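Encoded as structure tokens, the structure appears first; notes follow it.
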Amino acid sequence: AALALALNENTSISNLYLQNNMFTSEGVEYLVVCLECNSTIQMVALEGNSTIDPRIIEELQGILQSRVGLANSVPNNVNKTKSVLERIRSKEPNLTELNLHGMGIGPNDTDAIMEALAGNVYLRKVDLSGNMIDDDGVSALSLALADDTSITHLCLADNRITSIGAEYLLCTLDTNTTIVDVDLTGNSIEAEVIAELNHALKLRRTVDGC
122 AALALALNEN TSISNLYLQN NMFTSEGVEY LVVCLECNST IQMVALEGNS TIDPRIIEEL
182 QGILQSRVGL ANSVPNNVNK TKSVLERIRS KEPNLTELNL HGMGIGPNDT DAIMEALAGN
242 VYLRKVDLSG NMIDDDGVSA LSLALADDTS ITHLCLADNR ITSIGAEYLL CTLDTNTTIV
302 DVDLTGNSIE AEVIAELNHA LKLRRTVDGC
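Residue numbers (the working numbering): 122 to 331.
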């Protein structure tokens, strides 16, 4: 209750990580009410709180999901994203890093991004951190990266990815031998899955001498 009150008029916090605490359904209801006043929060992670009614979780996620379209409507972000993707499609040799941090990218945008990445030749580093990419988005990304031979670094920090999405990336590493670094900090992923992914990447860097 105290946290919800403190967040009522906050205009800077967008991601809220409350995993593995002792939250109950009543506590989450406070957060739902808080979202009526706070329009800045885009993601709330509550994994590991076992006494929360799934229906309340669905209500909370429904409110947050409805904000995806609002975030994606910012003209400057949309125009910048389109411009960068067009450069990727045209295969500019000088474009080796893609930075779309904090661009409000959500489920409705991932198809266009993955389509552009599928034809990638020169990109080495991709930063999609601070967006609203979920497990479905990671699934599409994993398919686009399956046969990629240029991207080595992938940053997906501070999105809406769970252990399911991280498992998609693990499967991608079975066919993609180029990626050596994946940043998933700030997502709701089980420690065991992160450890498995990091171990696979560490072995790869050792073999490559990185």
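Using N, Cα and C, we set each Cβ at its ideal position, and we do this for glycine too.
Just so you know, these numbers come straight off a predicted model, no measurement behind them.
Looking at residue i: is its Cβ nearer than 9 Å to the Cβ of residue j?
i    : j    : result
L305 : A261 : no
M224 : K201 : yes
G148 : A122 : yes
I184 : S146 : no
L248 : G286 : A quick correction: the sequence has Asp, not Leu, at residue 248. No, they are not a contact pair.
Hey, how far is the Cα of residue i from the Cα of residue j?
i    : j    : result
P228 : I178 : 19 Å
A192 : M253 : With a pLDDT of only 49 at A192, under 50, the local geometry of the prediction cannot be trusted, and the value read off the model is given with reservation. Looking at the two C-alpha atoms, the distance is approximately 9 Å.
K323 : Q182 : 34 Å
A316 : T299 : 19 Å
I282 : V259 : 8 Å
N141 : L275 : 27 Å
R208 : A312 : 37 Å
A125 : Y151 : 6 Å
T217 : G169 : 38 Å
N220 : V153 : 32 Å
S309 : Y138 : 8 Å
I134 : R325 : 36 Å
S171 : S284 : 16 Å
V314 : T273 : 20 Å
L266 : M164 : 26 Å
On a Cα-Cα basis, can you pick out the residue from the options that is closest to residue i?
i    : options                : result
A127 : T202, C158, S146, Q140 : C158
G240 : M164, A321, L264       : L264
A321 : L290, I310, S309, G307 : L290
N129 : N319, C155, L318, E236 : C155
R210 : T327, V259, L238, T217 : L238
T296 : E313, M235, D269       : D269
N136 : I310, N215, G251       : G251
H222 : E180, A267, C292, N280 : N280
Return the bridge partner residues of residue i from the DSSP annotation.
i    : result
Y151 : DSSP output for Y151 lists no bridge partner at all.
L137 : V165
D413 : Because the chain spans 122 through 331 in this model, residue 413 falls outside it and cannot be assessed.
Can you check the stretch 264–296 for any beta strand (DSSP E) of at least 3 residues that lies completely inside it and give the ranges in chain order?
Qualifying beta strand (DSSP E) stretches, in chain order: 274–276.
Residue ranges of each beta strand (DSSP E) run of no fewer than 3 residues wholly in the stretch 179–263, ordered along the chain?
218–220, 246–248
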